[in-house]
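Notes follow once the structure below has been shown.
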Amino acid sequence: DVKVTQSSRYLVKRTGEKVFLECVQDMDHENMFWYRQDPGLGLRLIYFSYDVKMKEKGDIPEGYSVSREKKERFSLILESASTNQTSMYLCASSSPGGGALDTQYFGPGTRLTVL
Amino acid sequence: AQTVTQSQPEMSVQEAETVTLSCTYDTSENNYYLFWYKQPPSRQMILVIRQEAYKQQNATENRFSVNFQKAAKSFSLKISDSQLGDTAMYFCAFMKYNNNDMRFGAGTRLTVKP
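Protein chains in written order, with my numbering: chain A, 16 to 130; chain B, 655 to 768.
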């Protein structure tokens with residue numbers, strides 16, 4: 016089974032703090048994704064990466080950056096956390112190539128609260 | 655840009671009955687995938703079912719089946735013999751062929767009542 020893990024289930028930070036959210040997958044997937052999930056808005060893509068050191072902006076990249084130094088690990092960074100970044104953050108991974116490989120597998124999520 | 659609409663924010667169903675969740679999407683693409691994901695309370699999001707647009711046959715997975723109407727751009731999920739464990743948030747999603755950009759609907763919260 017594909018396993019995607021995230022470093023924290025719950026996180027509370029203060030405005031202005033630098034926040035790191037980490038995601039690790041164990042299936043050698045090339046693609047990794049960061050989404051935020053808000054009620055009534057579904058999931059919105061922040062960034063994705065299709066290879067080590069490669070990244071692409073999603074729909075809402077402002078206020079976020081990412082890092083992918085190793086294939087299995089994809090980090091989301093909030094340089095200076097703000098209250099409007101309070102949300103559930105979901106990481107996902109997939110393998111390119113079409114067919115069932117395109118299916119994205121999700122981590123358990125990190126619920127971040129910024130005070 | 656592709657959009658996915660789930661018009662039912664909340665639904666409920668009695669245990670053992672059948673329920674259908676609606677999803678419509680907007681695209682000019684001909685080749686794409688459609689997905690239903692399930693997110694149980696405080697648990698991981700998991701794939702329920704997927705459909706390739708080029709396939710005319712509707713996908714089924716045990717008690718879960720879809721009604722894919724390509725011309726109408728409709729992709730509904732039918733859950734038969736509903737179980738308490740089906741209580742979850744359900745997301746419909748669209749992805750263009752050979753593209754990593756997956757678009758999600760706002761979700762439908764389904765409650766199965768005993």
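Virtual Cβ for every residue (Gly too), placed ideally from N, Cα, C.
Sequence-distant residues of its chain with Cβ nearer than 7 Å to residue i (five each side left out)
| i | result |
| --- | --- |
| Arg763/B | Pro663, Glu664, Met743 |
| Ser23/A | Thr125 |
| Thr98/A | Thr30, Val129 |
Spatial neighbours of residue i in its chain, beta-carbon cut-off 8 Å, leaving aside the 5 residues before and after
| i | result |
| --- | --- |
| Met103/A | Arg51, Gln52, Asp53, Gly124, Thr125, Arg126, Leu127 |
| Lys68/A | Arg83, Glu84 |
As assigned by DSSP and simplified to three states, the class of residue i
| i | result |
| --- | --- |
| Gln693/B | strand |
| Gln40/A | strand |
| Met124/A | According to the sequence as given, residue 124/A is Gly; it is not Met. Coil, per DSSP. |
| Asp74/A | coil |
| Leu738/B | helix |
| Glu769/B | In the structure displayed, chain B extends from 655 to 768; residue 769/B sits before or after that span and is not available. |
Bridge-paired residues (DSSP) for residue i
| i | result |
| --- | --- |
| Ile92/A | Phe35/A, Ser80/A |
| Val658/B | Tyr679/B |
| Thr672/B | None; Thr672/B has no bridge partner. |
| Arg763/B | Glu664/B, Met743/B |
| Val129/A | Lys28/A |
| Lys86/A | According to DSSP, Lys86/A bridges with nothing at all. |
Any C-beta of chain A under 9 Å from that of residue i
| i | result |
| --- | --- |
| Arg704/B | yes |
| Phe745/B | yes |
| Phe689/B | yes |
| Phe718/B | no |
| Gln668/B | no |
| Gln710/B | no |
| Ile733/B | no |
| Gln737/B | no |
| Pro695/B | no |
| Phe758/B | yes |
Host beta strand (DSSP E) of residue i (start-end)
| i | result |
| --- | --- |
| Ser22/A | Counting along the chain, Ser22/A falls outside any beta strand (DSSP E), and DSSP gives it neither H nor E. |
| Thr117/A | It should be noted that the sequence gives Asp, not Thr, for residue 117/A. Premise fails: Asp117/A is in no beta strand (DSSP E) and is neither H nor E. |
| Ser97/A | First-last for Ser97/A: undefined, no H or E at that position. |
| Ser110/A | Counting along the chain, Ser110/A falls outside any beta strand (DSSP E), and DSSP gives it neither H nor E. |
| Met699/B | Note, Met699/B: premise wrong, no beta strand (DSSP E); not H, not E. |
| Asn712/B | Per DSSP, Asn712/B belongs to no beta strand (DSSP E) and is neither H nor E. |
| Arg59/A | 57-64 |
| Met47/A | 46-53 |
| Lys732/B | 728-733 |
| Arg29/A | From DSSP, Arg29/A is part of no beta strand (DSSP E); its letter is neither H nor E. |
| Val720/B | 718-723 |
| Met756/B | 756-758 |
Closer than 9 Å to chain B by CB, residue i
| i | result |
| --- | --- |
| Thr59/A | The question names Thr, but residue 59/A in the sequence shown is Arg. By this cut-off, Arg59/A is an interface position. |
| Tyr50/A | yes |
| Gln119/A | yes |
| Tyr65/A | yes |
Residues near residue i by beta carbon distance below 6 Å, same chain, minus five either side
| i | result |
| --- | --- |
| Glu37/A | Ser22, Ser90 |
| Ser734/B | Thr672, Arg717 |
Any C-beta of chain E under 9 Å from that of residue i
| i | result |
| --- | --- |
| Gln660/B | The structure shown contains no chain E; the protein chains it does contain are A and B. |
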